[in-house]
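Some notes on the structure that comes next.
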Amino acid sequence: MRYFYVDPSAVEGALAVIEGAEAAHARHVLRLSRGSEVGLVDGCGFEYRAVIDRMLPGRIELQIREKIPAAGIPSLRLGLAQGWLKEKKMDRLVRTLSELGVARLIPLVCARAVVKPAAGRDAFRFERWRRIAVEALKQCRRGVLLEIGEGLRFERLLAAETAWEARILFWEEASEPLSAADVRGGEVTSALAVLGPEGGFSREEAERAAAAGFLLRRLGPRVLRAETAAAAAAALLQHLAGDLGATPKRS
Ligand code: SAH
0 MRYFYVDPSA
10 VEGALAVIEG
20 AEAAHARHVL
30 RLSRGSEVGL
40 VDGCGFEYRA
50 VIDRMLPGRI
60 ELQIREKIPA
70 AGIPSLRLGL
80 AQGWLKEKKM
90 DRLVRTLSEL
100 GVARLIPLVC
110 ARAVVKPAAG
120 RDAFRFERWR
130 RIAVEALKQC
140 RRGVLLEIGE
150 GLRFERLLAA
160 ETAWEARILF
170 WEEASEPLSA
180 ADVRGGEVTS
190 ALAVLGPEGG
200 FSREEAERAA
210 AAGFLLRRLG
220 PRVLRAETAA
230 AAAAALLQHL
240 AGDLGATPKR
250 S
């Protein structure tokens, strides 16, 4: 069955409406028609089984047959702050982190970042990332859309992101590997992983993070490319939390 993204505000009772690119794809590419059965994901924890009722230009109205809690919701709320990477790498990272059930991506402006965008929100770039996250949501049928936070400066991250139960900065020069104890044996409900840009973190940044209470952890003896390290860190933390492999506990 084909899945489409539906904005939660476009679901009212047993009626759902999909519009724009999603509607065009269903109509012109997949040639769906009245009576076709489709899946809908709303990015807020639910999936729907629905039947197309009316096909209008740029708009499809559907009758919902069944509403079920989405399966792919991890028990760990995992944030990942990523030193800004070049465009295509960031685009690929949005998809990778979506598939690994990361809850929130925070783009980070670091000392050695090759790309030095201003902190804050560059509307065009964030809209592209949101579209990639919606595509990944449908493709991997995760229940909740990846949040993409405002771009933050490194200092701001250390000062502001204090609510996470575990805060871990991954650094190739750290002495300790990640362990289950770092996430209380998988019992923490939230964790923030921080990864550097292509040029890595400066020693000063790592030391400032440690002073702010972040754990510094190593991902093995090899120096990983930034996007490899981000995927490895997310997968390890999800595994320790019991998400990958074990049946995800519904939050
Ligand atoms: N500084 C290296 C590469 C940095 S890779 C260089 O200049 O070639 C980008 C980020 O990936 C690093 O900042 C770090 O967050 C993460 N990373 C890469 N290898 C790692 C390892 N072995 N352990 C922990 N983190 C690692």
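According to numbering that gives the first Met the number 0, the sequence shown is numbered sequentially starting from 0. Idealized CB from N, CA, C, for every residue including glycine. None of the values given here were measured: they were computed from a predicted structure.
Simplified DSSP state of residue i, which is helix, strand or coil
i, result
"residue 78", "strand"
"residue 248", "With a pLDDT of 48 at residue 248, under the threshold of 50, the predicted position of this residue should be treated as unreliable, though the coordinate-derived value follows. Note: residue 248 maps to coil in three-state DSSP."
"residue 0", "coil"
"residue 5", "coil"
"residue 26", "helix"
"residue 19", "helix"
"residue 49", "strand"
"residue 12", "coil"
Beta-bridge partners of residue i, as assigned by DSSP
i, result
"residue 202", "Residue 202 is not bridged to any residue."
"residue 89", "Answer is none; residue 89 lacks a bridge partner."
"residue 164", "In DSSP, residue 164 forms no bridge with anything."
"residue 58", "18 and 55"
"residue 72", "In the DSSP output, where bridge partners are listed per residue, residue 72 has none listed."
"residue 39", "3 and 47"
Top-ranked residue by Cα proximity to residue i, from the options
i, options, result
"residue 15", "29, 27, 65 and 56", "65"
"residue 147", "92, 18 and 176", "92"
"residue 67", "41, 84, 86 and 85", "41"
"residue 111", "90, 209, 232 and 199", "199"
"residue 179", "48, 128, 238 and 125", "238"
"residue 115", "74, 197, 4 and 29", "197"
"residue 240", "48, 189 and 202", "189"
"residue 201", "121, 185 and 154", "154"
"residue 63", "71, 53 and 70", "53"
"residue 76", "182, 212, 203 and 219", "182"
"residue 3", "12, 19, 13 and 212", "19"
"residue 85", "226, 23, 149 and 141", "226"
"residue 113", "89, 105, 0 and 25", "89"
"residue 144", "72, 209, 210 and 105", "72"
"residue 231", "176, 7 and 208", "176"
"residue 49", "207, 151, 173 and 13", "13"
"residue 117", "139, 149, 130 and 129", "149"
Within-8 Å CB hit, residue i to chain D
i, result
"residue 31", "Reference to chain D is not applicable here, since this structure consists of a single protein chain."
Quiz item: Enumerated in chain order, which unbroken segments of the beta strand (DSSP E) with a length of 3 residues or greater are wholly contained in the stretch 91-156?
Solution: 103-108
Exercise. Quick one: which unbroken beta strand (DSSP E) runs of 3-plus residues sit fully inside the stretch 170-247? Chain order, please.
Key: 189-194 and 214-216
Quiz item: Taking one C-beta from the stretch 54-68 and one from the stretch 24-44 each time, how about it: are there three or more such pairs within less than 8 Å?
Solution: yes
Quiz item: Is it true that the stretch 72-91 meets the stretch 145-162, where meeting means three or more beta-carbon pairs spaced less than 8 Å apart?
Solution: yes
Practice problem: Evaluate the contact criterion for the stretch 92-109 versus the stretch 123-134: three or more CB pairs, one atom per stretch, below 8 Å. | Solution: yes
Quiz item: Are the stretch 163-170 and the stretch 190-200 touching, with three or more C-beta to C-beta distances below 8 Å?
Solution: yes
Quiz prompt | Inter-stretch contact at 8 Å, needing at least 3 Cβ pairs: the stretch 100-108 / the stretch 180-187 | solution = no
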